[in-house]
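Visitor: Starting off with a structure, shown below.
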Amino acid sequence: MIISGNQADAEIEQVQAVEATDAGLKPFSYLALTDEDFERLAFSLFKSSQPADVTRSWDNTALMVRGADAGRDVLLTCGERPSGVVQCKRLETGMTLPAAFREIAKLILFAKVNGDLSFDQEVDYFLFLARDPAGTVVNFFARKGVLQDENLRDLRAAAREVREAYTSLASIEETEAESEVERAYAKLKVGLLRPTDLDEWLHREPSVSLRFFRQRVLVDNTDMLAANREMMMLLQAISGKVDGVPLLTDVDLKLIQKQIVDTPETHRLNLGIATLFGYPREMFLDRNDLQARLGRLGAALNEINGDYINWIFKRANDLAAEICNSPEVLFKVRPFARQIPSAFLGEIAKQCSSMSLHGSVVRGIISETEPSLADDDARLGHVRTILIEAGKRYLVGDFSELMGDAELVALKRTIIDALMMGMTREEDLEKAFDEGAAVLRPLLDPAAAKMRSLYSHPTSIFLTGSKGIDLKDFVGRMADTVKALDEMRNEPSKQPNVDDN
Numbered sequence: 080m081i082i083s084g085n086q087a088d089a090e091i092e093q094v095q096a097v098e099a100t101d102a103g104l105k106p107f108s109y110l111a112l113t114d115e116d117f118e119r120l121a122f123s124l125f126k127s128s129q130p131a132d133v134t135r136s137w138d139n140t141a142l143m144v145r146g147a148d149a150g151r152d153v154l155l156t157c158g159e160r161p162s163g164v165v166q167c168k169r170l171e172t173g174m175t176l177p178a179a180f181r182e183i184a185k186l187i188l189f190a191k192v193n194g195d196l197s198f199d200q201e202v203d204y205f206l207f208l209a210r211d212p213a214g215t216v217v218n219f220f221a222r223k224g225v226l227q228d229e230n231l232r233d234l235r236a237a238a239r240e241v242r243e244a245y246t247s248l249a250s251i252e253e254t255e256a257e258s259e260v261e262r263a264y265a266k267l268k269v270g271l272l273r274p275t276d277l278d279e280w281l282h283r284e285p286s287v288s289l290r291f292f293r294q295r296v297l298v299d300n301t302d303m304l305a306a307n308r309e310m311m312m313l314l315q316a317i318s319g320k321v322d323g324v325p326l327l328t329d330v331d332l333k334l335i336q337k338q339i340v341d342t343p344e345t346h347r348l349n350l351g352i353a354t355l356f357g358y359p360r361e362m363f364l365d366r367n368d369l370q371a372r373l374g375r376l377g378a379a380l381n382e383i384n385g386d387y388i389n390w391i392f393k394r395a396n397d398l399a400a401e402i403c404n405s406p407e408v409l410f411k412v413r414p415f416a417r418q419i420p421s422a423f424l425g426e427i428a429k430q431c432s433s434m435s436l437h438g439s440v441v442r443g444i445i446s447e448t449e450p451s452l453a454d455d456d457a458r459l460g461h462v463r464t465i466l467i468e469a470g471k472r473y474l475v476g477d478f479s480e481l482m483g484d485a486e487l488v489a490l491k492r493t494i495i496d497a498l499m500m501g502m503t504r505e506e507d508l509e510k511a512f513d514e515g516a517a518v519l520r521p522l523l524d525p526a527a528a529k530m531r532s533l534y535s536h537p538t539s540i541f542l543t544g545s546k547g548i549d550l551k552d553f554v555g556r557m558a559d560t561v562k563a564l565d566e567m568r569n570e571p572s573k574q575p576n577v578d579d580n
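The opening residue of the sequence shown carries number 80 in our numbering; numbering runs sequentially from there.
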């Protein structure tokens, strides 16, 4: 029995996404998925596209019913006729070559018994693994599965073992099992999909990766603690400005004044990262208590500000992806120059984060360690220097600055090879960048302006506690906020992406 169409779509709706940190090209944790979700991952990827360097021979996919080993295969079809099979193996240990032969033998012998797959013509066969297999498996598939005499003996042995292991195969004679497996194997066009292959594929299919992994982008927040020392000092400034002013026209400022104006000095504390009103100073006399309570405030501000920075950088990446996916860029800009949008808008995100979260003192300190970029021309020039310098290293085979384990470096090398396509000299890099920048600049400037208009306002937080709900003016402002958000949700241009909800 085959699960396809609406039934298969219903299967995908049952996916439980697992946590995944996206630190550049960090590998995904496939063993964190359940067996069922790993099978659904294979189904989703093969339905969406095909592995790198593989010619697609199917137009649809289906999940095959659970077999005797409680596992499911993915069936590839072309014109509603079977054209290939994907065997999914989420194993804690690396698969050995004899085990791989047993999987192939099991597929062939059960197909013979059930009659749901024929090997009269060439059939695509993919082994889809959550963990790297033994080197013998990699070597065998690298030779496109060509059987040597030793492999042929192992394949026949696998046929005998599988026949003996499953009672439903008892009707097949031993010699018949061996010959059937050997005959059908000759029709298989085999392919191995290791975790590094899956990583590359998922980076090409973000909609699939977001369904199965809750991804979080790591952002350098080294300066966050210093920035937080200024956070909420605006409350103190507001208090000073309110003093002696007979009439306030700003509604929110009037509400803040109501909260603090009658608070005596004995119940006011300025802790650098926050100004507290109404809490007696005795609560902070003990140094251990002071450190603990200040730490909680700092942790909360770090979480809030870190979330805001993550959101800004994610928006920058979304805008960069929209630009790179536009037909004009796809046809006119070479792969090497398609790095420009994410790098340039990343610099804009840095500027916006600094303007919104840092005061002038902290910005002055940061400017001593970061390059001084006066305008967007300077930012684009900075990006040009970084990308071309990296490209020059790659031209001479210098990948020493790539960080990570061997698998991660190999994946990065694969992506770099795609970006460096057609680049053989430093002049090629400069020409590709400059020509690409000329096409991209009219798209980058509006994106940068949009980011600055949204993300450059200084941020502050005023916590009222539950008593704020009791004040009529506060309730009015809450209603105004809810109404404004509803109006934004109803504007098509304001609709968030699915993963923003």
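Glycine is no exception: its CB is placed at the ideal position from the N, C-alpha and C atoms.
Between Gly163 and Tyr204, is the Cβ-Cβ spacing less than 8 Å?
Guide: Here residue 163 is taken as the residue at index 84 of the sequence shown, counted from 1. Here residue 204 is taken as the residue at index 125 of the sequence shown, counted from 1. Yes; because the gap between Cβ atoms is below 8 Å, this pair is in contact.
Visitor: Quick check on DSSP: helix, strand or coil for Ala353?
Guide: Indexing the sequence shown from 1 puts residue 353 at position 274. Looking at Ala353 - three-state DSSP - the assignment turns out to be coil, as it is neither helix nor strand.
Visitor: So is Leu398 buried or exposed if we call it buried at 16+ other beta carbons inside 10 Å?
Guide: Looking up residue 398 in the sequence shown gives position 319. That one is buried.
Visitor: Quick one: give me the first and last residue of the alpha helix (DSSP H) that Ala141 is part of.
Guide: Residue mapping note: residue 141 aligns to position 62 of the sequence shown, counting from 1. Unbroken run through Ala141 is the beta strand (DSSP E), Asn139 to Met143; no alpha helix (DSSP H).
Visitor: How big is the Cα-Cα spacing for Val440 and Ile388?
Guide: Your numbering for residue 440 matches position 361 in the sequence shown. Your numbering for residue 388 matches position 309 in the sequence shown. Bear in mind that a pLDDT of 43 at Val440, under 50, signals an unreliable position, so the model cannot answer this.
Visitor: Give every residue of the same chain whose Cβ lies closer than 6 Å to the Cβ of Tyr122, excluding the five residues on either side of it in the sequence, and list them in chain order.
Guide: What you label residue 122 is simply residue 43 of the sequence shown in a count that begins at 1. Here residue 122 turns out to be Phe, not Tyr, going by the sequence shown. Taken in chain order, the residues that qualify are Thr140, Leu142 and Val153.
Visitor: Is DSSP giving Gln166 helix, strand or coil here?
Guide: By one-based count along the sequence shown, residue 166 stands at place 87. It is a strand residue.
Visitor: Excluding sequence positions up to five away, which residues of its chain have a Cβ less than 7 Å from the Cβ of Thr493?
Guide: By one-based count along the sequence shown, residue 493 stands at place 414. Excluding residues within five positions, the ones whose Cβ falls inside 7 Å are Glu279.
Visitor: Taking its Cβ as the centre, do 16 or more other Cβ atoms sit within 10 Å of Phe478, making it buried, or is it exposed?
Guide: Locating residue 478 in the sequence shown gives position 399, where the first residue counts as 1. So Phe478 counts as exposed.
Visitor: Our contact map puts Pro212 next to Gly270 with C-beta atoms below 8 Å; I'd like the distance itself, whole angstroms only.
Guide: The residue you call residue 212 lines up with position 133 of the sequence shown. The residue you call residue 270 lines up with position 191 of the sequence shown. The pair is not a contact, with the Cβ atoms about 13 Å apart (cut-off 8 Å).
Visitor: Per DSSP, what are the beta-bridge partners of Leu271 in this structure?
Guide: Walking along the sequence shown from the start, residue 271 turns up at place 192. Leu206.
Visitor: Return the Cβ separation of Gly501 and Ile419 in integer angstroms, given the expectation that the two are a contact with Cβ distance under 8 Å.
Guide: Translated into positions along the sequence shown, residue 501 becomes position 422. Translated into positions along the sequence shown, residue 419 becomes position 340. Between Ile419 and Gly501 the Cβ distance is about 16 Å, and since that is not below 8 Å, they are no contact.
Visitor: What residue from Ile335, Ser532 and Asp116 has the CA that sits closest to Thr354's CA?
Guide: The residue labelled residue 354 in the question sits at position 275 within the sequence shown. Checking every option, the nearest Cα to that of Thr354 belongs to Ile335.
Visitor: Could you check whether Pro274 and Pro106 sit closer than 8 Å to each other, using their CB atoms as the reference points?
Guide: Along the sequence shown, one-based indexing puts residue 106 at 27. Along the sequence shown, one-based indexing puts residue 274 at 195. Taking 8 Å as the Cβ cut-off, Pro106 and Pro274 qualify as a contacting pair.
Visitor: Rounded to whole angstroms, what's the CA-CA distance from Met362 to His346? Just pull it up for me.
Guide: Here residue 362 corresponds to residue number 283 of the sequence shown, with the count starting at 1. Here residue 346 corresponds to residue number 267 of the sequence shown, with the count starting at 1. So the two alpha carbons sit approximately 10 Å from each other.
Visitor: Output the distance between the C-alpha atoms of Leu262 and Gln166, rounded to the nearest integer angstrom.
Guide: Position 183 of the sequence shown, counted from the first residue, corresponds to residue 262. Position 87 of the sequence shown, counted from the first residue, corresponds to residue 166. In the sequence as displayed, the identity of residue 262 is Arg instead of Leu. Taking the straight line joining both Cα atoms gives about 19 Å.
Visitor: Just to confirm my understanding: we take Gly357, look at its own chain, exclude 5 residues before and 5 after, and list those with CB closer than 6 Å. What are they?
Guide: Working through the sequence shown from its first residue, we reach residue 357 at position 278. Excluding positions up to five away in sequence, the list reads Thr342 and His346.
Visitor: What's the gap between the Cα of Glu581 and the Cα of Leu364?
Guide: Because residue 581 is not part of the residues shown, which for the chain are 80 to 580, the question remains open.
Visitor: Between the alpha carbons of Asn569 and Lys529, how many angstroms are there, rounded?
Guide: The sequence position of residue 569 within the sequence shown is 490, counting from 1. The sequence position of residue 529 within the sequence shown is 450, counting from 1. Cα to Cα, Asn569 sits roughly 20 Å from Lys529.
Visitor: Let's test the definition: count the other Cβ atoms within 10 Å of the Cβ of Gly377 and tell me whether it reaches 16, buried, or not, exposed.
Guide: Working through the sequence shown from its first residue, we reach residue 377 at position 298. Label assigned to Gly377: buried.
Visitor: Any idea which residues DSSP pairs Val260 with across the strands?
Guide: Taking the sequence shown and counting its residues from 1, the one referred to as residue 260 is at position 181. DSSP lists no partner for Val260.
Visitor: For Arg135, which residues in the same chain have their Cβ closer than 6 Å to its Cβ, ignoring the five residues on either side in sequence?
Guide: Here the question's residue 135 lines up with position 56 in the sequence shown. So the list reads Gln129, once near-sequence residues are dropped.
Visitor: Which full runs of the alpha helix (DSSP H) of 4+ residues lie inside the region 480–512, going along the chain?
Guide: Listed in chain order, the complete alpha helix (DSSP H) runs (minimum 4 residues) inside the region 480–512 are 485–498.
Visitor: By a C-beta neighbour count over all protein chains shown, 10 Å radius and 16 as the cutoff for buried, is Lys126 buried or exposed?
Guide: Taking the first residue of the sequence shown as position 1, residue 126 is located at position 47. Per the 10 Å Cβ criterion, buried.
Visitor: Express the C-alpha separation of Glu115 and Leu170 in angstroms, rounding to a whole number.
Guide: As a first step, residue 170 is located in the sequence shown; it is residue number 91 there, counting from the start. As a first step, residue 115 is located in the sequence shown; it is residue number 36 there, counting from the start. Cα to Cα, Leu170 sits roughly 13 Å from Glu115.
Visitor: Taking the straight line between their C-alpha atoms, what separation do you get for Met499 and Glu468?
Guide: One-based indexing of the sequence shown puts residue 499 at position 420. One-based indexing of the sequence shown puts residue 468 at position 389. Answer to the nearest angstrom: the Cα atoms are 13 Å apart.
Visitor: Under a three-way DSSP split, which group does Val225 fall into?
Guide: Taking the first residue of the sequence shown as 1, we reach residue 225 at position 146. Reduced to three states, the DSSP call for Val225 is coil.
Visitor: Can you give me the start and stop residues for the alpha helix (DSSP H) that Val153 sits inside?
Guide: On the sequence shown, residue 153 is found 74 positions in, with the first residue counted as 1. First-last for Val153: Asp152 to Cys157, but that is the beta strand (DSSP E), not the alpha helix (DSSP H).
Visitor: Classify Leu248 as helix, strand or coil using the three-state DSSP reduction.
Guide: Along the sequence shown, read from residue 1 onward, the residue named residue 248 stands at position 169. Of the three classes helix, strand and coil, the one that applies to Leu248 here is helix, per DSSP.
Visitor: Verify whether the separation of the beta carbon atoms of Phe512 and Leu452 is less than 8 Å.
Guide: Within the sequence shown, residue 512 is the residue found at index 433, counting from 1. Within the sequence shown, residue 452 is the residue found at index 373, counting from 1. No, the pair does not count as a contact, with Cβ atoms beyond the cut-off.
Visitor: Can you tell me whether Gly385 is buried or exposed, with buried defined as 16 or more other CB within 10 angstroms of its CB?
Guide: Sequence index remark: in the sequence shown, residue 385 carries index 306 (1-based). So Gly385 ends up on the exposed side.
Visitor: Taking the C-alpha atoms as reference points, what is the distance between Glu426 and Arg458?
Guide: Reading the sequence shown from its first residue, position 347 is the one you call residue 426. Reading the sequence shown from its first residue, position 379 is the one you call residue 458. Cα to Cα, Glu426 sits roughly 7 Å from Arg458.
Visitor: Which of helix, strand or coil does DSSP assign to Val441?
Guide: Start at 1 with the first residue of the sequence shown, and residue 441 comes out as number 362. Summary for Val441: the model assigns pLDDT 42, below 50, so the residue's position carries little reliability, and this model does not support an answer.
Visitor: Work out the CA separation of Ser421 and His461 for me, nearest whole Å.
Guide: To locate residue 461, count along the sequence shown from 1; it is residue 382. To locate residue 421, count along the sequence shown from 1; it is residue 342. Taking the straight line joining both Cα atoms gives about 13 Å.
Visitor: Whole-angstrom Cβ separation of Leu110 and Ala221, contact assumed at under 8 Å?
Guide: Looking up residue 110 in the sequence shown gives position 31. Looking up residue 221 in the sequence shown gives position 142. Contact flag wrong, Cβ pair sits at about 24 Å.
Visitor: Let me make sure I understand the geometry here. Which of Pro161, Lys168, Phe392 and Ala179 has the alpha-carbon closest to that of Ser197?
Guide: The residue given as residue 197 occupies position 118 in the sequence shown. Cα-wise, what sits closest to Ser197 is Pro161.
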